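Trainee: Here you go, one structure.
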Amino acid sequence: MTEAKRDILGFLLFAAAVLIAPFFFADSYILNVLVFVGINTLLAVALNLLLGFAGQISLGHAAFFGLGAYISGVMTAAHSFDPWLAMLIAAVSTGVAAFIIGFPILKLKGHYLAMATLGFGIIVYIVFNETVDLTGGPSGLPGIPNLSLGEFSFDNDIKNFYLIWAFTLLAMRISLNLYRSRIGRALRAIHDSEVAARVAGVNVKNLKVQIFTMSAVISALAGSLYAHTMTFISPASFGFNFSVELVTMVIIGGLGSVYGSFMGAAILTLLPEFLRIFHDYDIIVYGLLLILIIMFMPGGLAGGFRTALERLSRSRKQGAD
Amino acid sequence: MLEIRGMTKKFGGLIALDDVSMSVGKGSITGIIGPNGAGKTTLFNIVTGLYTRSSGEVYLEGTDVSGYAPENLARLGLVRTFQNVELFGRMTVLENVMVGLHTRSRSGIFSCSLKWPTHIMEEKRIRDEAMQRLEFTGMTGIADIPAGSLPFGMGRRLEIARALAPGPKIMLMDEPAAGLNSRETLDLADLIRKIRDAGTTVVLVEHDMELVMDVCETIVVLNLGRKLAEGAPREIQENPAVIAAYLGEE
Ligand SMILES: Nc1ncnc2c1ncn2[C@@H]1O[C@H](COP(=O)(O)OP(=O)(O)OP(=O)(O)O)[C@@H](O)[C@H]1O
Ligand SMILES: [Mg+2]
């Protein structure tokens, strides 16, 4: 089977599994969690473009998520814009903002880039809190309408599940396309050796800004979807903690791997639910598990998964001999 | 093909290059030698746009390209390899060479994301061209191996294949024989001549005197940032100033 065929087949299997998942988890609580897995996967896939492909850290991605959510929320709840239009405006304006701050910020490298994006995230977070007239401040912004298509309103978990996963699957497909393409290779080249990439003719500065912008736009879309699904947002969802959690999802999942981003997002969303049985100790078990994954799976969950598959197919071959 | 005039580079108080001028003829193989710290790599870094110069000019085929960014120089057909091999370690051998074809392809972020038909066609073309380059450098059969897992000598060879991919006008090689065994060094000499015969001008920084004397037509000697001598291999070997500089080092 060629690489291209395996890529398409793998994606179709994954998409099919997602589409039938609600039939197995009719329980509304689990379905609700799976909606969050969808949103977090969308965010992790977006951050993976920047962090996993190009190797550029962002500790402020929750801000782009928040900008999407708040622009959508304020426009629809306070000014009665059509939610789809608000979503479009949120994505475009967040993209423009990312493009503008991208040029100065992406000149920085490593720890300095981490600090700068961290600072950006904190500023945006403070703005959400302090512009009380606009955003409702710390107590949040209620009354955000659901998205709808004509008479059909996305007003329950099952509908939102399909809505959000449609976006998430699309973002995953786009990431997979990008990975094996001229631009994807150039991004991964930047990750491995920036000087060699430049000498090979890659315009590193422009490409970093492009992928940063694309990543921000997808994160903003996730924010809009979140706002219209929850119908209520507050700054607490878009703080520094969440930025760190997104970075953790991408790293735990496996840098650069699109399915890894899903695995990381799924684990980090589901783990806290499973760990409730440990009561007050859940946070310790959670931390321990993350440390174990990082220690024993250097390629993240995706890398571990791949190794396991290879071992399996090898032992099966030996069995056949 | 390449002309360097009055090139000077200061790192704080240290003068790494002091008024160095040289010219490289089209279709030639030119060697640059000199003791450690002579400024050879610094010269390459300036010519390829990675470092800014303190003063001096670089001309590529008659045009002043001083201060051009590396990516623009690449587009003009100037490529290089690195002293400390710079591969894209997590990418496959073939993908490394495909990055070398970056300037020979144009698909942008949208057509790549959406797998536009133009991108699919271009992808097939650069894949085929990259395979040809691997053939040229004798690396068929390992196309799908991660570059990071190659033995050192192969890594050097891959770097050459990647630099050659776009069919460059001129290629700067920084110590391509360092770390190679004698068998690999002989193969390298053949490869360098093959590259020149295929139409690429070569500039070679190298400590392996045997290799330099064997393949180069002209040699430039640098010492402590200054040009000490220039001439045919025989002349250089007999030049008292050059001998003194090398003996002084030991
Ligand atoms: N980025 C830098 N910052 C400060 N000093 C530098 C820098 N790069 C090179 N130098 C100094 O410039 C001088 C020339 O270094 P360069 O690397 O060009 O030498 P070289 O001729 O390539 O030596 P070698 O044969 O060991 O590779 C050295 O003294 C070196 O320490
Ligand atoms: Mg050097």
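Line by line, the protein sequences give chains A and B.
Count along the first sequence starting at 1, add 13, and that's the number in this note's numbering.
Count along the second sequence starting at 1, add 150, and that's the number in this note's numbering.
Every residue, glycine too, gets a C-beta built ideally from N, C-alpha and C.
These numbers were taken from a predicted model, which means no experiment stands behind them.
Once you ignore the five residues that flank A339 of chain B on each side, which residues in its own chain have a CB closer than 7 Å to its CB?
Mentor: Here residue 339 of chain B corresponds to residue number 189 of the second sequence, with the count starting at 1. Around A339 of chain B: L361, D364 and V365.
Trainee: With 16 other CB atoms within 10 Å as the buried threshold, where does E356 of chain B fall?
Mentor: The residue given as residue 356 of chain B occupies position 206 in the second sequence. Answer is buried; the Cβ neighbour count reaches 16.
Trainee: How would you write the range of the beta strand (DSSP E) that E380 of chain B sits in, first residue to last?
Mentor: Taking the second sequence and counting its residues from 1, the one referred to as residue 380 of chain B is at position 230. Segment R376 to G381, the beta strand (DSSP E) holding E380 of chain B.
Trainee: DSSP three-state label for L308 of chain B, please.
Mentor: In the second sequence, counting from the first residue as 1, residue 308 of chain B sits at position 158. DSSP places L308 of chain B in helix when its eight states are reduced to three.
Trainee: Quick one: which residues of the stretch 313-328 of chain B get their C-beta closer than 9 Å to a C-beta of chain A? List them in chain order.
Mentor: So the close ones are A313, A315 and P316.
Trainee: Under a Cβ-count criterion, where at least 16 other Cβ atoms within 10 Å of its own Cβ denotes burial, should P267 of chain B be classed as buried or exposed?
Mentor: Taking the second sequence and counting its residues from 1, the one referred to as residue 267 of chain B is at position 117. It counts as exposed.
Trainee: Tell me whether A280 of chain B counts as near ligand 1, meaning its Cβ is closer than 7 Å to at least one heavy atom of that ligand.
Mentor: To locate residue 280 of chain B, count along the second sequence from 1; it is residue 130. No.
Trainee: Just to confirm the assignment: which complete beta strand (DSSP E) runs, minimum length 3, are found wholly within the stretch 255-302 of chain B?
Mentor: Listed in chain order, there is nothing to give.
Trainee: Give the single residue among A:G123, A:V222 and A:G197 whose Cα lies nearest to the Cα of G115 of chain A.
Mentor: Along the first sequence, one-based indexing puts residue 115 of chain A at 102. The candidate whose alpha carbon is nearest that of G115 of chain A is A:V222.
Trainee: What number of angstroms, rounded off, separates the C-alpha of V197 of chain B from the C-alpha of I224 of chain A?
Mentor: Residue numbering aside, residue 197 of chain B sits at position 47 when the second sequence is read from its first letter. Residue numbering aside, residue 224 of chain A sits at position 211 when the first sequence is read from its first letter. Approximately 29 Å between the Cα atoms of the pair.
Trainee: Say whether chain B places a C-beta atom closer than 8 Å to the C-beta of L7 of chain A.
Mentor: Lying before the first or after the last residue shown, residue 7 of chain A is absent from chain A, which here runs from 14 to 334.
Trainee: If we count the other Cβ atoms within 10 Å of its Cβ and call it buried at 16 or more, is L378 of chain B buried or exposed?
Mentor: Numbered from 1 along the second sequence, position 228 holds the residue referred to as residue 378 of chain B. L378 of chain B comes out buried.
Trainee: According to DSSP, is Y218 of chain B helix, strand or coil?
Mentor: The count along the second sequence starts at 1 and reaches residue 218 of chain B at position 68. If DSSP states are grouped into helix, strand and coil, Y218 of chain B belongs with coil.
Trainee: If I measure Cβ to Cβ from I179 of chain B and keep anything under 6 Å in the same chain, skipping five residues before and after, which residues do I get?
Mentor: Start at 1 with the first residue of the second sequence, and residue 179 of chain B comes out as number 29. If we look at I179 of chain B and ignore the five residues flanking it on each side, its Cβ neighbours are R346, V352, V365, C366 and E367.
Trainee: Can you list, in chain order, the residues of the stretch 250-269 of chain A whose Cβ is nearer than 7 Å to any Cβ on chain B?
Mentor: Against chain B - using a Cβ distance shorter than 7 Å - the stretch 250-269 of chain A contributes no residues.
Trainee: Cβ of D294 of chain B within 7 Å of any heavy atom in ligand 2?
Mentor: Position 144 of the second sequence, counted from the first residue, corresponds to residue 294 of chain B. D294 of chain B: no, Cβ never under 7 Å from ligand 2.
Trainee: For a test of your reading of the model: does the CB of K160 of chain B fall under 7 Å from any non-hydrogen atom of ligand 1? Yes or no.
Mentor: Here residue 160 of chain B corresponds to residue number 10 of the second sequence, with the count starting at 1. Checking the Cβ of K160 of chain B against ligand 1 gives no.
Trainee: Which one or two residues does DSSP pair with G181 of chain B in a beta bridge?
Mentor: Here the question's residue 181 of chain B lines up with position 31 in the second sequence. G181 of chain B pairs with B:L354 and B:I369.
Trainee: Between the alpha carbons of E400 of chain B and G134 of chain A, how many angstroms are there, rounded?
Mentor: Start at 1 with the first residue of the second sequence, and residue 400 of chain B comes out as number 250. Start at 1 with the first residue of the first sequence, and residue 134 of chain A comes out as number 121. Only weak support is given to the placement of E400 of chain B: the predicted model assigns it a pLDDT of 47, under 50, and the value that follows is read from those uncertain coordinates. If I take the Cα positions, the gap works out to 56 Å.
Trainee: Starting from the beta carbon of N216 of chain A, find every residue of chain B whose beta carbon is closer than 7 Å, and list them in chain order.
Mentor: Taking the first sequence and counting its residues from 1, the one referred to as residue 216 of chain A is at position 203. Near N216 of chain A (Cβ distances below 7 Å), the residues of chain B are E221.
Trainee: So who's on the other strand from K159 of chain B, going by DSSP bridges?
Mentor: Here residue 159 of chain B is taken as the residue at index 9 of the second sequence, counted from 1. Answer is B:L167, bridged to K159 of chain B.
Trainee: If distances are taken between C-alpha atoms only, which option among B:K319, B:R155, B:G375 and B:L226 comes closest to G349 of chain B?
Mentor: Locating residue 349 of chain B in the second sequence gives position 199, where the first residue counts as 1. Of the listed residues, the one whose Cα sits closest to G349 of chain B is B:K319.
Trainee: According to DSSP, is L210 of chain B part of a helix, a strand, or is it coil?
Mentor: The residue labelled residue 210 of chain B in the question sits at position 60 within the second sequence. In this structure, L210 of chain B counts as strand in the three-state DSSP scheme.
Trainee: Beta carbons nearer than 8 Å to chain B: which residues of the stretch 197-208 of chain A have them?
Mentor: The stretch 197-208 of chain A vs chain B, Cβ under 8 Å: G197, R198, A199, R201, A202, H204, D205, S206 and V208.
Trainee: Do G184 of chain B and ligand 1 come close, with the Cβ less than 7 Å from some heavy atom?
Mentor: In the second sequence, residue 184 of chain B corresponds to position 34, counting from 1. Flag set: Cβ of G184 of chain B near ligand 1.
Trainee: Does any heavy atom of ligand 1 sit closer than 7 Å to the C-beta of A103 of chain A?
Mentor: As a first step, residue 103 of chain A is located in the first sequence; it is residue number 90 there, counting from the start. No, Cβ of A103 of chain A sits at least 7 Å from all heavy atoms of ligand 1.
Trainee: Check L126 of chain A in the structure and name its three-state DSSP category.
Mentor: As a working mapping, residue 126 of chain A is identified with position 113 in the first sequence. Correct three-state label for L126 of chain A: helix.
Trainee: With C-beta atoms as the reference, is L152 of chain B less than 8 Å away from L210 of chain B?
Mentor: Within the second sequence, residue 152 of chain B is the residue found at index 2, counting from 1. Within the second sequence, residue 210 of chain B is the residue found at index 60, counting from 1. Cβ distance < 8 Å, so L152 of chain B and L210 of chain B count as in contact.
Trainee: For the structure I just gave you, are there three or more beta carbon pairs, one from the stretch 229-240 of chain A and one from the stretch 79-97 of chain A, closer than 8 Å?
Mentor: Result yes; three or more Cβ-Cβ pairs closer than 8 Å.
Trainee: Mind checking if R225 of chain B is an interface residue toward chain A, Cβ cutoff 8 Å exclusive?
Mentor: Start at 1 with the first residue of the second sequence, and residue 225 of chain B comes out as number 75. Taking Cβ atoms only, chain A reaches closer than 8 Å to R225 of chain B, which makes this a yes.
Trainee: From which residue to which residue does the alpha helix (DSSP H) around I320 of chain B run?
Mentor: Counted from its first residue, the second sequence places residue 320 of chain B at position 170. Note, I320 of chain B: premise wrong, no alpha helix (DSSP H); beta strand (DSSP E) at I320 to D324.
Trainee: Along the chain, where does the beta strand (DSSP E) containing L26 of chain A start, and where does it finish?
Mentor: Against the first sequence, residue 26 of chain A aligns to sequence position 13. That residue, L26 of chain A, is in no beta strand (DSSP E); its alpha helix (DSSP H) goes E16 to F37.
Trainee: At a threshold of 7 Å, does T412 of chain B count as lining ligand 1 (C-beta to nearest heavy atom)?
Mentor: What the structure shows of chain B is the stretch from 151 to 400, and residue 412 of chain B is not part of that stretch, so it cannot be assessed.
Trainee: Report yes if the C-beta of D358 of chain B is less than 7 Å from at least one heavy atom of ligand 2; otherwise report no.
Mentor: For the purposes of this step, residue 358 of chain B is identified with residue 208 of the second sequence, where counting begins at 1. No, Cβ of D358 of chain B sits at least 7 Å from all heavy atoms of ligand 2.
Trainee: Given 8 Å as the limit, is there contact between the stretch 163-179 of chain A and the stretch 47-66 of chain A, that is, 3 or more CB pairs closer than that?
Mentor: Touching, yes, given that three or more Cβ pairs across the two stretches are closer than 8 Å.
Trainee: Could you tell me which residues DSSP puts in a beta bridge with L154 of chain A?
Mentor: Locating residue 154 of chain A in the first sequence gives position 141, counting from the first residue. Per DSSP, A:I246.
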